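**Student:**
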Amino acid sequence: MAETFALDQEWLRDVLPDGLPIGETTVVSGPGGSGKPLVGFAVVKSWLESGGSVVFLLTNSGREFVAETMAELYNFDVDAYPDRLRFVNFDPEVEASVGGMDADSRPITANLLEPAVWERALSTAIDSVADDRVLVFGSALNLFLFSPTYADDSIEAFVETVERDDDHTYLFTVSTSAFEAEIARVEDASDTVLMTEMPDDQLYLRGERSDSVTVSTDDVPVPFTPEQLATIKSVSEQTRTSLIPTLKEL
0 MAETFALDQE
10 WLRDVLPDGL
20 PIGETTVVSG
30 PGGSGKPLVG
40 FAVVKSWLES
50 GGSVVFLLTN
60 SGREFVAETM
70 AELYNFDVDA
80 YPDRLRFVNF
90 DPEVEASVGG
100 MDADSRPITA
110 NLLEPAVWER
120 ALSTAIDSVA
130 DDRVLVFGSA
140 LNLFLFSPTY
150 ADDSIEAFVE
160 TVERDDDHTY
170 LFTVSTSAFE
180 AEIARVEDAS
190 DTVLMTEMPD
200 DQLYLRGERS
210 DSVTVSTDDV
220 PVPFTPEQLA
230 TIKSVSEQTR
240 TSLIPTLKEL
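Using numbering that gives the first Met the number 0, you'd call the opening residue of the sequence shown number 0 and step up by one each time.
#1: Are the Cβ atoms of G18 and F4 separated by less than 8 Å?
#2: Which runs of the beta strand (DSSP E), 3 residues or longer, sit entirely within the region 128-199?
#3: Please report the straight-line C-alpha distance between F157 and R132, rounded to a whole angstrom.
#4: Mind checking whether G34 and L228 have CB atoms under 8 Å apart?
#5: Throw me the rounded Cβ distance for the E23 and S211 pair, which I believe falls under 8 Å.
#6: Expressed to the nearest angstrom, what Euclidean distance is found between the alpha-carbon atoms of A79 and P30?
#7: Pull up the distance between the alpha-carbon of G206 and that of F171, whole angstroms please.
#8: Buried or exposed: where does T216 fall if 16 or more other Cβ atoms within 10 Å of its Cβ makes it buried?
#9: For the region 115-135 against the region 81-89, do three or more pairs of beta-carbon atoms, one drawn from each stretch, fall closer than 8 Å, so that the two count as touching?
#10: What does the Cβ neighbour count give for A180, buried or exposed, with the cut at 16 atoms within 10 Å?
#11: Sort out for me which residues DSSP pairs S104 with in a bridge.
#12: Exposed or buried, what is A70 when buried is set at 16 or more other beta-carbons lying within 10 Å of its beta-carbon?
#13: Do V26 and E186 have their CB atoms nearer than 8 Å?
#14: In the structure shown, what three-state DSSP assignment does T240 receive?
#15: Quick one, which of L15, V65, T168 and Y203 has its alpha-carbon nearest R52's?
#16: How big is the Cα-Cα spacing for I21 and W46?
#17: If we ignore side chains and look at the alpha-carbon of each, how far apart do F223 and Q201 end up?
#18: Could you check if G98 is buried or exposed, using at least 16 other CB atoms within 10 Å of its CB as the buried criterion?
#19: Identify every run of the beta strand (DSSP E) within the region 57-81, keeping only runs that are complete inside it and at least 3 residues long; order them along the chain.
#20: Is the beta carbon of V43 sitting closer than 8 Å to the one on L134?
#21: Within 10 angstroms of its Cβ, does S209 collect 16 or more other Cβ (buried), or is it exposed?
#22: Do you know whose CA, among D101, E118 and I243, lies nearest E155's CA?
#23: The beta strand (DSSP E) spanning G206 covers which residue range?
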């Protein structure tokens, strides 16, 4: 069994009783607006409190959303970890080249559609945090696939990242609402796959499979209120109406 780290939330322990595998990739899949980033934020909280560092790859939200949501759901202050957090913001209007990336800004701003930029932004962020024990958390990575120019290269970059053999731990969320075949490639390449569903304003999480740890395939209710879940639905809707049309033109 892989080395793991303990998770704070009881509902996460119910799904991953051995903990989350370290040095592997875990993917959280599910329909759009089904609360996948909220699951990721719970892992981020446990990771930071255990002494690790986190790199956020943000596609459809910013640092403010992360800070507000983690404070609301987990009573957690991301500002308490300034040396162990780094944010990378995806901006499709920035030049899609390494030269167009602002690596010195906080957060890093980059057009991650170009695989060379994806790799440079990722390595720059990892190298800049204060601890070698790094969790890379990326949300809504399926959005890149809406670009007709960059979709094929993006999926290859995702799969390569998922499959890489290094000391870092990766946690990515992807929507199954579109590009089913491409998302299946990412899931197949991952060590562990978790699934979310949200019928009737109730979020459920279950394990789909894992190559290295035990997962529960039972649907485990996640104790968020309908009002809390409405926030993530709102972000998802904003993405559909603003970001996706922009990506379709690139």
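Beta carbons are placed, not taken as given, at the ideal position from N, Cα and C, and that holds for glycine. On a predicted model such as this, the values are computed, not experimentally measured, just so you know.
**Tutor:** Inspection of the coordinates gives the following:
#1: For the purposes of this step, residue 18 is taken as residue 19 along the sequence shown, with counting starting at 1. For the purposes of this step, residue 4 is taken as residue 5 along the sequence shown, with counting starting at 1. Cβ distance < 8 Å, so G18 and F4 count as in contact.
#2: Counting only runs of 3 or more residues that sit fully inside the region 128-199, the beta strand (DSSP E) segments are 133-137, 168-174 and 191-196, in chain order.
#3: Reading the sequence shown from its first residue, position 158 is the one you call residue 157. Reading the sequence shown from its first residue, position 133 is the one you call residue 132. Those two C-alpha atoms are separated by around 21 Å.
#4: Within the sequence shown, residue 34 is the residue found at index 35, counting from 1. Within the sequence shown, residue 228 is the residue found at index 229, counting from 1. Cβ distance < 8 Å, so G34 and L228 count as in contact.
#5: For the purposes of this step, residue 23 is identified with residue 24 of the sequence shown, where counting begins at 1. For the purposes of this step, residue 211 is identified with residue 212 of the sequence shown, where counting begins at 1. With 8 Å as the limit, E23 and S211 qualify as a contact, their Cβ atoms being about 6 Å apart.
#6: Against the sequence shown, residue 79 aligns to sequence position 80. Against the sequence shown, residue 30 aligns to sequence position 31. Answer to the nearest angstrom: the Cα atoms are 32 Å apart.
#7: Taking the sequence shown and counting its residues from 1, one reaches residue 206 at position 207. Taking the sequence shown and counting its residues from 1, one reaches residue 171 at position 172. Cα-Cα distance, rounded: 15 Å.
#8: Locating residue 216 in the sequence shown gives position 217, counting from the first residue. Its Cβ having fewer than 16 others within 10 Å, T216 is exposed.
#9: These segments touch.
#10: Start at 1 with the first residue of the sequence shown, and residue 180 comes out as number 181. Label assigned to A180: exposed.
#11: Counting from 1 along the sequence shown, the entry for residue 104 is found at position 105. Answer is none; S104 lacks a bridge partner.
#12: Here residue 70 corresponds to residue number 71 of the sequence shown, with the count starting at 1. Per the 10 Å Cβ criterion, exposed.
#13: Position 27 of the sequence shown, counted from the start, is the residue given in the question as residue 26. Position 187 of the sequence shown, counted from the start, is the residue given in the question as residue 186. Result yes, Cβ atoms of V26 and E186 sit closer than 8 Å.
#14: Taking the first residue of the sequence shown as position 1, residue 240 is located at position 241. Three-state DSSP puts T240 in a helix.
#15: Within the sequence shown, the letter at position 53 stands for residue 52. It should be noted that the sequence gives Ser, not Arg, for residue 52. Answer by Cα proximity: T168.
#16: Position 22 of the sequence shown, counting from 1, holds the residue named residue 21. Position 47 of the sequence shown, counting from 1, holds the residue named residue 46. Roughly 10 Å between the two C-alpha positions.
#17: The sequence position of residue 223 within the sequence shown is 224, counting from 1. The sequence position of residue 201 within the sequence shown is 202, counting from 1. Taking the straight line joining both Cα atoms gives about 8 Å.
#18: For the purposes of this step, residue 98 is taken as residue 99 along the sequence shown, with counting starting at 1. The residue in question, G98, is exposed, as its Cβ has fewer than 16 Cβ neighbours within 10 Å.
#19: none
#20: By one-based count along the sequence shown, residue 43 stands at place 44. By one-based count along the sequence shown, residue 134 stands at place 135. Between V43 and L134, the C-beta spacing is below 8 Å.
#21: Position 210 of the sequence shown, counting from 1, holds the residue named residue 209. Label assigned to S209: buried.
#22: Here residue 155 corresponds to residue number 156 of the sequence shown, with the count starting at 1. E155 has its Cα closest to that of E118, out of D101, E118 and I243.
#23: By 1-based counting over the sequence shown, the position of residue 206 is 207. Residues L202 to S209.
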